[in-house]
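Enquirer:
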Amino acid sequence: MSRGIGLVAALEPSTPLSEGREIADTLAQAGFRSVRLTVPQASLRALAGLQNREQAARLKELDAMVDALLARGLSVVLALRNEPGHGAAASTVQDKGGSAGPARHREAMVIWQHLAQRYATRPQRLLFEVSLVPGGTGAVKNQRMSSLLKAIRQSDATRVVVVGWSEAVGVSELRVPADRHLIVGITHAEPFRFIRQGAPGVSGSDLWRGSTCCSPQEKQLMALPLDIVHAWSLEHRYPVWVQEFSSYQDIPAELRARHARLVRQAAEERGLPWAYGDWSGEFGVYDPVRREWEPSMLRALTGP
């Protein structure tokens, strides 16, 4: 789970996955050890019987991507994303309730039941992540987490599952079931106005342009969620994973790199494994057209 990076933009429904082996090579050669593979739930909707079977080919491409990453010795965390948006920006989207939330949840249960059966023979370096949309009540999130976990456990009793609780501040509301094969995942999004300045779809982000990082006060703000989950982990004896942190691509690279290094160091000082939000896209660190890493960001994430 150490030194991780997210794969998000590469898995949009409009993007071919035929380059899975090349992507796996690129990530492994750069020095990453784990990958958070986030798949749009809509792209697997056929598994729930809600779209035609043309998506079967998409699922085979996902198989190839998973196998390519595993073949390179990487640990893989397979996650579904059921909220709008993509990449790190999606972490700001909250569940407002209504019929859509329960409907997506029921769909996710069917999909996870299928995926657990499909990947039951894969090595234990493949983990599953049940992601819970920020903003819901603790009771609702606990109920949804429990039902998703049951869907997986019907066919895979020992696969490690990440409970993507998202919000560190609300982790005290998490009620972990009696299952020792669990890890709790949280998203780090501080200082928010710095990392989301200019990002589309984030209210007020244009007003934050020019924000810098990181003052002593901002460093304290960055440490707070990590201190909260570290204390929770020690008390409840479940490991915690910083499943996502990132910054928008238009921010000067040297500032992005400074922020990334500070979050990485703070997490590692507390014994928390981490994953950067996305390898490409609006919050990414790699240009797939030029096939180039942003050098200062890569050093911040994989250097000493």
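Per the working numbering, residue 2 is the first one in the sequence shown, and the count goes up by one each step. Where a beta carbon is used, it is the ideal one built from N, C-alpha and C, also for glycine.
Is it buried or exposed, V164, if we count other Cβ atoms within 10 angstroms and call 16 or more buried?
Expert: buried
Enquirer: Report the three-state DSSP secondary structure of G86 (helix, strand or coil).
Expert: In this prediction, G86 has a pLDDT of 45, which is less than 50 and means its spatial position is unreliable; what the coordinates show is noted afterwards. Three-state DSSP puts G86 in coil, outside helix and strand.
Enquirer: Could you round the C-beta distance between Q244 and R37 to whole angstroms and report it? I think they count as a contact, below 8 Å.
Expert: Between R37 and Q244 the Cβ distance is about 6 Å, and since that is below 8 Å, they are a contact.
Enquirer: Just how far apart, CA to CA, sit S212 and S247?
Expert: About 15 Å.
Enquirer: Just reading off the alpha helix (DSSP H) that R265 is part of, what are its end residues?
Expert: Judged by DSSP secondary structure, R265 falls within the alpha helix (DSSP H) whose first and last residues are 254-270.
Enquirer: Would the region 252-272 count as touching the region 136-148 if we require 3 or more Cβ pairs under 8 Å?
Expert: They do not touch, by the three-pair rule.
Enquirer: Straight-line CA distance for S222 to Q114?
Expert: Checking the displayed sequence, the identity of residue 222 turns out to be Leu instead of Ser. Near 39 Å, if we compare the C-alpha coordinates of Q114 and L222.
Enquirer: What three-state label does DSSP hand R37 in the structure shown?
Expert: strand
Enquirer: Identify the continuous beta strand (DSSP E) that holds E245 and give its terminal residues.
Expert: Start and end: 241-246.
Enquirer: Please list, in chain order, all residues of the same chain as L133 whose beta carbon is under 8 Å from its beta carbon, the five residues on each side excluded.
Expert: K142, R145, M146, V164, G165, W166, S167
Enquirer: Taking the CB atoms as reference points, tell me whether I24 and A276 lie closer together than 8 Å.
Expert: no
Enquirer: Could you pull the start and end residues of the alpha helix (DSSP H) that T188 belongs to?
Expert: Looking at the DSSP string, T188 is not in any alpha helix (DSSP H); the run it does join, the beta strand (DSSP E), is 183-188.
Enquirer: Measure the C-alpha to C-alpha separation of H182 and L208 and round it to an integer number of angstroms.
Expert: 44 Å
Enquirer: If you follow the beta strand (DSSP E) that F129 is in, where does it begin and where does it stop?
Expert: 127-132
Enquirer: Please report how far the alpha carbon of Q125 lies from the alpha carbon of P289, in whole angstroms.
Expert: About 29 Å.
Enquirer: Could you name the residues of the same chain whose beta carbon sits closer than 6 Å to that of R4, not counting the 5 residues immediately before and after it, in chain order?
Expert: F33, R34
Enquirer: Determine whether the beta carbon atoms of W242 and P274 lie at a separation below 8 Å.
Expert: Between W242 and P274, the C-beta gap is smaller than 8 Å, which places the two residues in contact.
Enquirer: Relative to the C-alpha of F193, which residue among D180, A179, R210 is closest?
Expert: Ranking D180, A179, R210 by Cα distance to F193 puts R210 first.
Enquirer: In angstroms with no decimal places, state the Cα-to-Cα distance between A72 and Q118.
Expert: Distance between the alpha carbons of A72 and Q118: 20 Å.
Enquirer: Which value, in whole angstroms, describes the spacing of the CA atoms of D68 and L127?
Expert: 9 Å
Enquirer: Are the C-beta atoms of P135 and some chain C residue less than 8 Å apart?
Expert: Although the question refers to chain C, the structure presented lacks it and comprises just one protein chain.
Enquirer: From which residue to which residue does the alpha helix (DSSP H) around V67 run?
Expert: 57-72
Enquirer: Note the first and the last residue of the continuous alpha helix (DSSP H) segment covering A29.
Expert: For A29, the enclosing alpha helix (DSSP H) stretches over residues 21-31.
Enquirer: Specify, as a first and last residue, the run of the beta strand (DSSP E) that A276 falls within.
Expert: A276 -> beta strand (DSSP E) spans 275-277.
Enquirer: Around the C-beta of L48, are 16 or more other C-beta atoms found within 10 angstroms, so that it is buried, or is it exposed?
Expert: buried
Enquirer: Taking Cβ to Cβ, would you say D279 is nearer than 8 Å to V78?
Expert: no
Enquirer: Would you identify the three-state DSSP class for V203, choosing helix, strand or coil?
Expert: When secondary structure is reduced to three states using DSSP, V203 falls in the coil class, being assigned neither helix nor strand.
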